[in-house]
Amino acid sequence: MMRVDVNVTILAMVDDEVDKKSEYHSSYYCANVYNIVNHQNTKINTGEFKWSRLTQGLILGAFFWGYILTQIPGGILAFRFGPKWVIFSSLLGCAITEFCIPSAARIRAELLIILRIIQGLLQGVMMPNTGCLIGNWSPPSEKSRFTAFVFSGIIFGAVIGQSLAGLISQPRLSYSMKSTEPLYISHWPLVHYIYGVIAVLFSGLWTFLVFSYPNQHPWISESEKQYILSSSINGYSKRDNKSGTTTNGIMTSTDSRSLDDIPAESRILHRKPVPWCQIFQSLPVWSILLCHVCFNWSFYTLVTSMPTYLFRVLGFSISEL
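Read in order, the letters of the sequence shown are residues 0 to 320 in numbering that gives the first Met the number 0.
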């Protein structure tokens, strides 16, 4: 939600008359068919910032400058500190920066850009750490199901986040005792405060409910714990016939100790060298990489630019985004 809220609130922040003349160039501007059909103009300008289109683009894109940098370091941090605490730090850090966005926007646009880069850096560690949690908790036969269910939250969060941001940011009529003229006010800062509070509450729940490894969880039953650990060990041991070795970071069942005698960290962290050459020579790896790049490029372009297109070109109101 914090990833996509600025894509909507920026439409309420900015004075829409800025750089508007350039839009009427014949190669850029198209008639507002939506408003012609409905015989109304739903756009109400309440923006307080006179940022150029270039500045607005930098603000929208700044998140991904940081996001791309912490993907691999995020996985390294997961093995060093455990995915629970890495994600907790990310959530809490994002909440703090979210609270600062309205003030930063009123100080300087450059400060807002820096905050968005920091948010990208913080959220970049979530993807690898989420995958690490799934790997630690789900049996091999259920990993695909767990992964699909968990990562569907990205789409769900984007839809809910932008929809709520639009409803809250929509300018509303307000009357003042000092003036007889109607006044429209947008409460766009509330979006960032509300999302920040949600992140703080969620990080608190995360601390008490989520654990990096099954052995560390105090509330699950012993049978469930044994099922998760034995399924992981037996599933991976079939790929390795060597006694006393580890496969994909999981100790095989040929180890003479019982599950309770083997710390979860030992099974997970004692890894064999990563076969980078085989990975980069694998056609399935490249096919997955290509699909992932194409999906992310189209999805994030759509999420980032669609609100602006719907609002400025098609004439939808902010609440309809």
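C-beta atoms are modelled at their ideal positions from N, C-alpha and C, and glycine is treated no differently.
When you compare the CB of residue i with every CB in chain B, is at least one pair closer than 7 Å?
{"i": "residue 46", "result": "The structure shown contains no chain B; it holds only a single protein chain."}
Can residue i and residue j be called in contact, C-beta distance under 7 Å?
{"i": "residue 123", "j": "residue 70", "result": "yes"}
{"i": "residue 169", "j": "residue 318", "result": "yes"}
{"i": "residue 66", "j": "residue 130", "result": "no"}
{"i": "residue 191", "j": "residue 47", "result": "no"}
{"i": "residue 92", "j": "residue 320", "result": "no"}
{"i": "residue 132", "j": "residue 82", "result": "yes"}
{"i": "residue 114", "j": "residue 100", "result": "yes"}
{"i": "residue 157", "j": "residue 292", "result": "no"}
{"i": "residue 185", "j": "residue 11", "result": "yes"}
{"i": "residue 57", "j": "residue 112", "result": "yes"}
{"i": "residue 108", "j": "residue 50", "result": "yes"}
{"i": "residue 77", "j": "residue 198", "result": "no"}
{"i": "residue 210", "j": "residue 216", "result": "yes"}
Given a threshold of 16 other Cβ atoms within 10 Å of its Cβ, counted over all protein chains shown, does residue i qualify as buried or as exposed?
{"i": "residue 300", "result": "exposed"}
{"i": "residue 183", "result": "exposed"}
{"i": "residue 257", "result": "Low confidence applies here, because residue 257 scores a pLDDT of 44, under 50, leaving its location unreliable and the question unanswered by this model."}
{"i": "residue 188", "result": "buried"}
{"i": "residue 173", "result": "exposed"}
{"i": "residue 128", "result": "buried"}
{"i": "residue 282", "result": "exposed"}
{"i": "residue 13", "result": "buried"}
{"i": "residue 214", "result": "buried"}
{"i": "residue 75", "result": "exposed"}
{"i": "residue 167", "result": "buried"}
{"i": "residue 231", "result": "buried"}
{"i": "residue 272", "result": "exposed"}
{"i": "residue 274", "result": "exposed"}
{"i": "residue 310", "result": "buried"}
Kindly indicate which residue of the options has the alpha-carbon position closest to the one of residue i.
{"i": "residue 55", "options": "66, 7 and 74", "result": "7"}
{"i": "residue 59", "options": "151, 171, 283 and 2", "result": "2"}
{"i": "residue 159", "options": "194, 136 and 53", "result": "194"}
{"i": "residue 227", "options": "212, 218 and 307", "result": "212"}
{"i": "residue 152", "options": "138, 43 and 125", "result": "125"}
{"i": "residue 137", "options": "68, 108 and 223", "result": "223"}
{"i": "residue 117", "options": "90, 140, 143 and 142", "result": "90"}
{"i": "residue 327", "options": "209, 285 and 5", "result": "As shown, the chain starts at 0 and ends at 320. That puts residue 327 outside it, with no answer to give."}
{"i": "residue 103", "options": "9, 15 and 271", "result": "9"}
{"i": "residue 45", "options": "15, 106, 276 and 72", "result": "15"}
{"i": "residue 229", "options": "139, 73, 106 and 52", "result": "139"}
For residue i, report the span of its alpha helix (DSSP H) as first-last.
{"i": "residue 161", "result": "142 to 168"}
{"i": "residue 6", "result": "4 to 12"}
{"i": "residue 54", "result": "52 to 66"}
{"i": "residue 130", "result": "125 to 136"}
{"i": "residue 319", "result": "No alpha helix (DSSP H) contains residue 319, which DSSP labels as neither H nor E."}
{"i": "residue 98", "result": "82 to 106"}
{"i": "residue 277", "result": "275 to 279"}
{"i": "residue 195", "result": "187 to 208"}
{"i": "residue 284", "result": "282 to 311"}
Worksheet item: Taking contact to mean at least 3 C-beta pairs separated by less than 8 Å, is the segment 201 to 211 in contact with the segment 82 to 90?
Response: yes
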